[in-house]
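Numbering (the numbering used here), first residue to last: 236 to 568.
Every residue, glycine too, gets a C-beta built ideally from N, C-alpha and C.
These figures come from a predicted structure and were not determined experimentally.
Structure record follows, encoded as structure tokens.
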């Protein structure tokens, strides 16, 4: 491997650190889905996803080792129990790859815009390409199996139109129809929350810790509120709402995952959820939509803080690399 004289910047260390934890967790979860999945098409994409994430973990480990940076404490086989009955049916594994690759394209894209050292930049550019291919493969299989719900269709525009009145922004009282950007964000926010509800349903059957069980239950209610809000908007606009996927949760009551893995997964999902709702807020021009998005960002921020408290209280929260306290260093002994 090439030797680089430039030290890693804070952005590069932070991006690598966050990606290591994300991909290490992905390896653990994909190992679980691979163990139980019986569908050959889904198993093929699961193997591909495993190889991608496992490769990222190894590459970042090499970089950290060469730079003398401690490797984050990741998840191992101790966080999985492959002997218990499956918690999800085969198609949930495919939904997982679809959701994770979509979210990873977005989060990795943010990191890529802040890294400049040649080897790190090349690594993250390659990651985006790999996640994009994984996303393409997952949507192709979902379409072939009839489980991909496409966004609502609208007529093609016949001419370019300009906004003539400030009432374009109004979302209360008399309001204009949704534009295509707003429809897209409503649709994918709803779709993501259906996935979250299925995940919560399964975990609520198996998690025995009362505090974590209550935490998951609260997350499920937040997702249900978002789905109702966004689907109600679709119905009023006569665009129809999202249709939930078929039940993908078994009747197992024994957890295959450690509590640490479960809470860390939720903490990671909360972070990307805040990012995606913020993106939806930036693209929405109707005031009713912006009010809903602002409300749900606050709800998820409060909810995320509760999850972080659990991680800290249980000794599961790893502190990212940080700047030194110059005041402490300058203090006379």
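Query: C-alpha distance - residue 470 paired with residue 316, whole-angstrom precision; Result: 43 Å
Query: Cβ-based burial, residue 327 [other Cβ within 10 Å; buried from 16]; Result: buried
Query: Residue 242 to residue 507 span [Cα, whole Å]; Result: 28 Å
Query: Continuous alpha helix (DSSP H) stretch holding residue 548: start and end; Result: 522-548
Query: Cβ neighbours of residue 551 in the same chain (closer than 6 Å, five flanking residues each side left out); Result: 495
Query: Residue range of the alpha helix (DSSP H) that includes residue 241; Result: Per DSSP, residue 241 belongs to no alpha helix (DSSP H) and is neither H nor E.
Query: 4 or more residues per run - each alpha helix (DSSP H) lying fully within the region 353-390; Result: 353-379
Query: Endpoints, alpha helix (DSSP H) assigned at residue 345; Result: 325-347
Query: Reduced DSSP category for residue 492 - H, G, I as helix; E, B as strand; rest coil; Result: strand
Query: First and last residue of the uninterrupted alpha helix (DSSP H) at residue 426; Result: 415-441
Query: Pairwise C-alpha distance: residue 398 and residue 523; Result: 18 Å
Query: From 510, 411 and 407, residue whose alpha carbon lies closest to that of residue 400; Result: 411
Query: Opposing strand residues paired with residue 315 [DSSP bridges]; Result: 492
Query: Span of the alpha helix (DSSP H) around residue 450; Result: 445-471
Query: Environment of residue 421 [buried if 16+ CB atoms lie within 10 Å]; Result: buried
Query: Residue 627 versus 333, 431, 443 and 516, residue with shortest Cα-Cα distance; Result: Nothing can be reported for residue 627, as the shown portion of the chain is limited to 236 through 568.
Query: Residue span of the alpha helix (DSSP H) that contains residue 304, given as start and end; Result: Note, residue 304: premise wrong, no alpha helix (DSSP H); not H, not E.
Query: Reduced DSSP category for residue 398 - H, G, I as helix; E, B as strand; rest coil; Result: coil
Query: Outcome for residue 311 when other beta-carbon atoms lying within 10 angstroms are tallied against a minimum of 16; Result: exposed
Query: Proximity to residue 371 [Cα-Cα], best of 297, 390 and 335; Result: 335
Query: The region 453-466 touching the region 433-442, judged by at least three CB pairs closer than 8 Å; Result: yes
Query: Residue burial classification, residue 297 (beta-carbon count within 10 angstroms, cutoff 16); Result: exposed
Query: Short Cβ contact (9 Å threshold) for residue 498 with residue 462; Result: no
Query: Same chain, Cβ closer than 7 Å to residue 520, neighbours up to 5 away in sequence not counted; Result: 403 and 404
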